[in-house]
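A.B. asks: Just so you know, the protein sequences line up as chains X and C, in that order. Just so we're aligned: 474 in this note's numbering is position 182 of the first sequence, and the numbers increase by one with no gaps anywhere. Just so we're aligned: 487 in this note's numbering is position 456 of the second sequence, and the numbers increase by one with no gaps anywhere. Pasting a structure here, questions to come.
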Amino acid sequence: MEQTIIHNRNKIHPQKFALWASLASILMMFGAFTSAYIVKQSAGNWLEFSLPASFYFSTALLVLSSITLHISQRSFVRQQISKYKIFLGVSFLLGILFVVLQYAGWTELYDKGVDLKGNVSGSFFYLLSGIHALHVLGGLAALMVAVIHAFSLGNHVTPARKHRFDLVVTYWHFVDALWVYLFVFLIISK
Amino acid sequence: MANVTVHEEDVLIKDNGFDDHFHEHHHGDKYQSSFIFHYIFSMDHKIIARQFLITGMIWAIIGAAMSVVFRLQLGFPEESLTWIKPFLGKWIVVDPTTGIGKLAPEFYYALVTMHGTIIVFFVLTAGLSGTFSNLLIPLQLGARDMASPFMNMLSYWFFFLAGIIMFYSLFLSTGPFSGGWVAYPPLSALPQASSGSGTGMTLWLVSLTFFVVSVLLGGINYITTVLNLRTKGMSLWRMPLTIWAFFVTAILGLLSFPVLVSGFFMLIFDRSLGTSFFLSDIFIAGQALDRVGGSPILYQHLFWFLGHPEVYIIILPAMGIVSEVLSVHSRKPVFGYRAMVYSIMAIGFLSFIVWAHHMFMSGVNPFISNFFVVFTLIIAVPSAVKVFNWITTLYGGNLRLNTPMLFAIGFVSMFISGGLTGIFLGNSAIDIQLHDTYFVVAHFHIVMGVAAFFGMFAGVYHWYPKMYGRFMNETLGKIHFWGTIITAYAIFWPMHYLGMAGVPRRYYSFDTFDAFRHFTEMNKFITVFAIIAFFIQLVFVINFFYSIWYGKKMKTKNPWQATTLEWTTPIEPIHGNWPGKLPVVHRWAYDYNKDDREYVQQHVPLNEGEVGDH
Numbered sequence: 293m294e295q296t297i298i299h300n301r302n303k304i305h306p307q308k309f310a311l312w313a314s315l316a317s318i319l320m321m322f323g324a325f326t327s328a329y330i331v332k333q334s335a336g337n338w339l340e341f342s343l344p345a346s347f348y349f350s351t352a353l354l355v356l357s358s359i360t361l362h363i364s365q366r367s368f369v370r371q372q373i374s375k376y377k378i379f380l381g382v383s384f385l386l387g388i389l390f391v392v393l394q395y396a397g398w399t400e401l402y403d404k405g406v407d408l409k410g411n412v413s414g415s416f417f418y419l420l421s422g423i424h425a426l427h428v429l430g431g432l433a434a435l436m437v438a439v440i441h442a443f444s445l446g447n448h449v450t451p452a453r454k455h456r457f458d459l460v461v462t463y464w465h466f467v468d469a470l471w472v473y474l475f476v477f478l479i480i481s482k
Numbered sequence: 032m033a034n035v036t037v038h039e040e041d042v043l044i045k046d047n048g049f050d051d052h053f054h055e056h057h058h059g060d061k062y063q064s065s066f067i068f069h070y071i072f073s074m075d076h077k078i079i080a081r082q083f084l085i086t087g088m089i090w091a092i093i094g095a096a097m098s099v100v101f102r103l104q105l106g107f108p109e110e111s112l113t114w115i116k117p118f119l120g121k122w123i124v125v126d127p128t129t130g131i132g133k134l135a136p137e138f139y140y141a142l143v144t145m146h147g148t149i150i151v152f153f154v155l156t157a158g159l160s161g162t163f164s165n166l167l168i169p170l171q172l173g174a175r176d177m178a179s180p181f182m183n184m185l186s187y188w189f190f191f192l193a194g195i196i197m198f199y200s201l202f203l204s205t206g207p208f209s210g211g212w213v214a215y216p217p218l219s220a221l222p223q224a225s226s227g228s229g230t231g232m233t234l235w236l237v238s239l240t241f242f243v244v245s246v247l248l249g250g251i252n253y254i255t256t257v258l259n260l261r262t263k264g265m266s267l268w269r270m271p272l273t274i275w276a277f278f279v280t281a282i283l284g285l286l287s288f289p290v291l292v293s294g295f296f297m298l299i300f301d302r303s304l305g306t307s308f309f310l311s312d313i314f315i316a317g318q319a320l321d322r323v324g325g326s327p328i329l330y331q332h333l334f335w336f337l338g339h340p341e342v343y344i345i346i347l348p349a350m351g352i353v354s355e356v357l358s359v360h361s362r363k364p365v366f367g368y369r370a371m372v373y374s375i376m377a378i379g380f381l382s383f384i385v386w387a388h389h390m391f392m393s394g395v396n397p398f399i400s401n402f403f404v405v406f407t408l409i410i411a412v413p414s415a416v417k418v419f420n421w422i423t424t425l426y427g428g429n430l431r432l433n434t435p436m437l438f439a440i441g442f443v444s445m446f447i448s449g450g451l452t453g454i455f456l457g458n459s460a461i462d463i464q465l466h467d468t469y470f471v472v473a474h475f476h477i478v479m480g481v482a483a484f485f486g487m488f489a490g491v492y493h494w495y496p497k498m499y500g501r502f503m504n505e506t507l508g509k510i511h512f513w514g515t516i517i518t519a520y521a522i523f524w525p526m527h528y529l530g531m532a533g534v535p536r537r538y539y540s541f542d543t544f545d546a547f548r549h550f551t552e553m554n555k556f557i558t559v560f561a562i563i564a565f566f567i568q569l570v571f572v573i574n575f576f577y578s579i580w581y582g583k584k585m586k587t588k589n590p591w592q593a594t595t596l597e598w599t600t601p602i603e604p605i606h607g608n609w610p611g612k613l614p615v616v617h618r619w620a621y622d623y624n625k626d627d628r629e630y631v632q633q634h635v636p637l638n639e640g641e642v643g644d645h
């Protein structure tokens, strides 16, 4: 990877560009899921159910984590190291809480009688939120590395660190926006 | 720097090149030092290209051998196949009283399925686009390597892993998946549906999921490299058509394969977690299944949303290679360069909005079908532009009829023959008669099977010197070409007649159908030529491996007198491609016979008063 950085004459870093390209492909996958949802829903035999409150809370937390991560990134660029560390840690915890709340929501839904094996509308809900949660877990792994770096690499703000952190932040904003899209979609398409 | 000084540097590049200080750092030299990291876990795009090519060739031989076996069943259903029992074991069922061995019907379906899966995904996607995108994108753009050599290596190894899993599934006691390469539910969704639907289908899904990972890793890399790592002066409109084709191919793959994955996820849920996305109203042995509410058509939509772009993922790289080879060996600029680029883009765009033409007879609303008919027929326009431009490139050229050129011309021939039948099949009304018949088989084998192979062969013969520093044998090459084009037409031309008469594809035997009985001789004819075609491909394989060690050596850097940058690199390939500086590009890729000069390479500066580009 090193050689590409050295003679890079472009405005966007190749790795950043590659990340955007992979986000496009993830978006296509969820686009396919939601299209399939619409097609199946219009074909009938579709059970409707309301979403438990935990999903509203989890959505709020995920959006909040994006905001705190944004603050953390801004502080990092401005060399406000302690603020950067605190907000990064908060974002990481909010991310974990999101997954926990999602899980709580699934159990609540299951207790209400919406089963994965039951009507296809329920299957779709578990599919969409489950595969999204897997992407959040990937983001949490990246955030964890960022947290470890924050506390182990000292207080120097180098371009390489900035770049790496930027990749993590971009991905996290993406999974956040993706969930907001899915959530709004699930509410509207009732 | 010891290994650098050995290679003589191109004078022009030395004087005018762009210095990226690449060789002042010793990065990369270390991982190339041992055999394992040089040849096996290599991150050099030139090695990875060869890995893709040779793995693809192995799969091509396996896939073609399978077609020979099921063609034996179709052409000679009465003959005994006991002699292949040593290879196929229990899949040849020998009648104890007569001693006649028959191909087990389940295995026939498994062979057909595997033949399709292997050739479409492993050979014509990974073997074609994987090989030439890797080899040519950095070399023709003037880049040191791919944007991420590590991801590039992963891309190959995910493909390899997918291959190992698929290969393993061939030896299962229940056999590999046998429900057709499209894997429609319910055959693919219910493990109890057929013998191959159990473990065979599970491994098929796992294998293809890894394959998609490989395609995505590769595609992200190709796109990033094309957009970010072009050398100085290499504007998008100066890129050779090969690069344009690989670029659009990678975008198609990036946007369409994830949709297939979403279908796979739903299929996995249906198979393992008891959901009913694709299942409804199914009876097995008279018993109704309790899985209701799903729709098998939904899977078909998701599959063909990949499936149609997939055929362009296969054919676009071949088109790019052919454009380049035709231009080099006609000693003429490619005709209508910009029209070629725009038609590549148009084909790429249209490929996303025509998928339901594979489903006209699946119960899709006929009014919606009209939409897909119109866009399908519109694809004929950019395709015709390309064919016209290829023929016009040849017109009045100073043709060198060597093997790569013959295969490139053969590609154009195949593409016309197969493309014309596509116009028939694109009509939903004619499809009522022709769907799922041998007409379809003939159409897609000619237009995306044989044609894509021809593009691949043209590329292998043309860039072989770049890959191995030696030439392939011309005589064997010409035998290979004439043998292949004659047998290919002999196999697939008659199939059109079978299809027009309504002979359905995928049937094990036609004994019980009076209407198809008089085609016995034609089926024999096809099978005989299929066997000949198979053995002629072995001529290529022998030529390929023989020439690696004993072929005629490449004495000059630019044996074809081509203009593109890959021919400015040293004969002996090195890490980083160019010793010293990178070439700077001053002109487009097709300056042949310009102003009394036979050819002008891309890194040659413009003369005073010379009009640049095109």
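For glycine and all other residues, C-beta sits at the position ideal for the given N, C-alpha and C.
1) Rounded to whole angstroms, what's the CA-CA distance from residue 76 of chain C to residue 585 of chain C? Just pull it up for me.
2) Excluding the five sequence neighbours on either side, which residues of its own chain have a C-beta within less than 6 Å of the C-beta of residue 136 of chain C, listed in chain order?
3) Indicate the three-state DSSP secondary structure (helix, strand or coil) for residue 404 of chain X in the structure shown.
4) Does DSSP put residue 49 of chain C in a helix, in a strand, or in coil?
5) May I ask you to report which of helix, strand or coil DSSP gives residue 367 of chain C?
6) Look at the alpha carbon of residue 472 of chain X and the alpha carbon of residue 290 of chain C, and state the distance between them as a whole number of angstroms.
7) Pick out whichever of C/429, C/437, C/373 has its Cα sitting closest to the Cα of residue 413 of chain C.
8) Going by the beta-carbon positions, is the gap between residue 301 of chain C and residue 222 of chain C smaller than 8 Å?
9) Please list the partners that residue 336 of chain C has in chain X, where partner means a Cβ-to-Cβ separation under 8 Å.
10) Nearest by alpha-carbon distance to residue 307 of chain X: which of X/321, X/460, X/436, X/332 is it?
11) Given this structure, state the Cα-to-Cα distance separating residue 204 of chain C from residue 123 of chain C, to the nearest angstrom.
12) Taking buried to mean at least 16 other C-beta atoms within 10 Å of its own C-beta, is residue 33 of chain C buried or exposed?
13) Rounded to the nearest angstrom, what separates residue 196 of chain C and residue 211 of chain C at their Cα positions?
14) Please name the residues in the stretch 417 to 434 of chain X whose beta-carbon is closer than 7 Å to at least one beta-carbon of chain C, in chain order.
15) For residue 484 of chain C, which of C/162, C/145, C/49 has the nearest alpha-carbon?
16) Smallest Cα separation from residue 226 of chain C: which of C/192, C/403, C/140?
17) Relative to the C-alpha of residue 279 of chain C, which residue among C/246, C/254, C/50, C/398 is closest?
18) What first and last residue would you give for the beta strand (DSSP E) that runs through residue 123 of chain C?
19) So, for residue 361 of chain C: in the same chain, excluding its five sequence neighbours on each side, which residues have a beta-carbon less than 6 Å away from its beta-carbon?
20) Can you check whether the C-beta of residue 60 of chain C is within less than 8 Å of a C-beta belonging to chain X?
21) Could you tell me whether the stretch 367 to 386 of chain C touches the stretch 184 to 192 of chain C, where touching means 3 or more Cβ pairs closer than 8 Å?
22) Please state the DSSP three-state secondary structure of residue 313 of chain C.
23) Please tell me whether residue 213 of chain C has its Cβ less than 8 Å away from any Cβ of chain X.
24) Would you identify the three-state DSSP class for residue 433 of chain C, choosing helix, strand or coil?
25) Between which two residues does the alpha helix (DSSP H) containing residue 456 of chain X stretch?
26) Determine which residues of the stretch 396 to 418 of chain X have a Cβ less than 7 Å from any Cβ of chain C, and write them out in chain order.
27) Just the C-alpha distance for residue 242 of chain C and residue 42 of chain C, rounded to the nearest angstrom, thanks.
28) Which of helix, strand or coil does DSSP assign to residue 535 of chain C?
29) So residue 147 of chain C is in the alpha helix (DSSP H); what residue range does that whole segment cover?
30) Alpha carbon to alpha carbon, how far is residue 606 of chain C from residue 60 of chain C? Give it in angstroms, no decimals.
31) Would you mind telling me which residues of chain X sit closer than 7 Å to residue 31 of chain C, beta carbon to beta carbon, in chain order?
32) Is residue 297 of chain C close to chain X, meaning its C-beta is less than 8 Å from at least one C-beta of that chain?
33) So is residue 634 of chain C in contact with chain X if we call contact Cβ pairs under 8 Å?
34) Could you work out which residues of chain C lie near residue 451 of chain X, taking near to mean beta carbons separated by less than 9 Å?
35) What are the start and end residues of the alpha helix (DSSP H) that includes residue 252 of chain C?
36) Closest by CA to residue 474 of chain X, which one among X/351, X/316, X/315, X/336?
C.D. replies: Reading it off the structure:
1) Taking the second sequence and counting its residues from 1, the one referred to as residue 76 of chain C is at position 45. Taking the second sequence and counting its residues from 1, the one referred to as residue 585 of chain C is at position 554. Distance between the alpha carbons of residue 76 of chain C and residue 585 of chain C is about 21 Å.
2) Position 105 of the second sequence, counted from the first residue, corresponds to residue 136 of chain C. Answer for residue 136 of chain C: 539, listed in chain order.
3) Walking along the first sequence from the start, residue 404 of chain X turns up at place 112. It is coil, neither helix nor strand.
4) Counting from 1 along the second sequence, the entry for residue 49 of chain C is found at position 18. Residue state, collapsed to three classes: strand.
5) Here residue 367 of chain C refers to the residue found at position 336 of the second sequence. In this structure, residue 367 of chain C counts as coil in the three-state DSSP scheme.
6) In the first sequence, residue 472 of chain X corresponds to position 180, counting from 1. In the second sequence, residue 290 of chain C corresponds to position 259, counting from 1. Computed Cα separation, rounded: 20 Å.
7) Within the second sequence, the letter at position 382 stands for residue 413 of chain C. Minimum Cα distance to residue 413 of chain C is reached at C/373.
8) On the second sequence, residue 301 of chain C is found 270 positions in, with the first residue counted as 1. On the second sequence, residue 222 of chain C is found 191 positions in, with the first residue counted as 1. No, the pair does not count as a contact, with Cβ atoms beyond the cut-off.
9) Along the second sequence, read from residue 1 onward, the residue named residue 336 of chain C stands at position 305. Near residue 336 of chain C (Cβ distances below 8 Å), the residues of chain X are 324.
10) For the purposes of this step, residue 307 of chain X is taken as residue 15 along the first sequence, with counting starting at 1. Here the closest residue by C-alpha is X/460.
11) The residue you call residue 204 of chain C lines up with position 173 of the second sequence. The residue you call residue 123 of chain C lines up with position 92 of the second sequence. Their backbone Cα atoms lie some 13 Å apart in a straight line.
12) Indexing the second sequence from 1 puts residue 33 of chain C at position 2. With a pLDDT of 39 at residue 33 of chain C, under the threshold of 50, the modelled position of that residue is not reliable, and the figure given next carries that caveat. Per the 10 Å Cβ criterion, exposed.
13) Locating residue 196 of chain C in the second sequence gives position 165, counting from the first residue. Locating residue 211 of chain C in the second sequence gives position 180, counting from the first residue. Going from the Cα of residue 196 of chain C to the Cα of residue 211 of chain C covers about 18 Å.
14) 419, 423
15) Locating residue 484 of chain C in the second sequence gives position 453, where the first residue counts as 1. Ranking the options by Cα distance to residue 484 of chain C, first place goes to C/162.
16) For the purposes of this step, residue 226 of chain C is taken as residue 195 along the second sequence, with counting starting at 1. Residue 226 of chain C has its Cα closest to that of C/140, out of C/192, C/403, C/140.
17) Position 248 of the second sequence, counted from the start, is the residue given in the question as residue 279 of chain C. Nearest of C/246, C/254, C/50, C/398 to residue 279 of chain C, Cα basis: C/254.
18) Translated into the one-based positions of the second sequence, residue 123 of chain C becomes position 92. Unbroken beta strand (DSSP E) run through residue 123 of chain C: 123 to 125.
19) Locating residue 361 of chain C in the second sequence gives position 330, where the first residue counts as 1. Cβ neighbours of residue 361 of chain C beyond the five flanking positions: 424, 425, 428, 430.
20) The residue you call residue 60 of chain C lines up with position 29 of the second sequence. Any reading at residue 60 of chain C is ruled out, since the residue's pLDDT is 49, under 50, leaving its predicted position unreliable.
21) no
22) Taking the second sequence and counting its residues from 1, the one referred to as residue 313 of chain C is at position 282. The answer is coil: DSSP assigns residue 313 of chain C none of H, G, I, E or B.
23) Sequence index remark: in the second sequence, residue 213 of chain C carries index 182 (1-based). Residue 213 of chain C does not count as touching chain X.
24) Translated into positions along the second sequence, residue 433 of chain C becomes position 402. Coil at residue 433 of chain C, not helix or strand.
25) The residue given as residue 456 of chain X occupies position 164 in the first sequence. Unbroken alpha helix (DSSP H) run through residue 456 of chain X: 451 to 480.
26) 408, 409, 411, 412, 415
27) What you label residue 242 of chain C is simply residue 211 of the second sequence in a count that begins at 1. What you label residue 42 of chain C is simply residue 11 of the second sequence in a count that begins at 1. Distance between the alpha carbons of residue 242 of chain C and residue 42 of chain C is about 43 Å.
28) By 1-based counting over the second sequence, the position of residue 535 of chain C is 504. In this structure, residue 535 of chain C counts as strand in the three-state DSSP scheme.
29) Position 116 of the second sequence, counting from 1, holds the residue named residue 147 of chain C. Residue 147 of chain C -> alpha helix (DSSP H) spans 136 to 148.
30) Translated into positions along the second sequence, residue 60 of chain C becomes position 29. Translated into positions along the second sequence, residue 606 of chain C becomes position 575. Caution applies to residue 60 of chain C, whose pLDDT of 49 falls short of 50 and renders its modelled position unreliable; the model cannot decide the point.
31) Absent from the model: residue 31 of chain C. The displayed extent of chain C is 32 to 645, so no value can be given.
32) Counted from its first residue, the second sequence places residue 297 of chain C at position 266. So, interface residue.
33) Along the second sequence, one-based indexing puts residue 634 of chain C at 603. No - not a single Cβ of chain X is within 8 Å of the one on residue 634 of chain C.
34) In the first sequence, residue 451 of chain X corresponds to position 159, counting from 1. Per Cβ cutoff of 9 Å: no residues; residue 451 of chain X is ~17 Å from chain C at best.
35) As a position in the second sequence, residue 252 of chain C is number 221, starting the count at 1. Counting along the chain, the alpha helix (DSSP H) containing residue 252 of chain C begins and ends at 230 to 259.
36) Mapped onto the first sequence, residue 474 of chain X falls at position 182. Selected option, being the one with the closest Cα: X/351.
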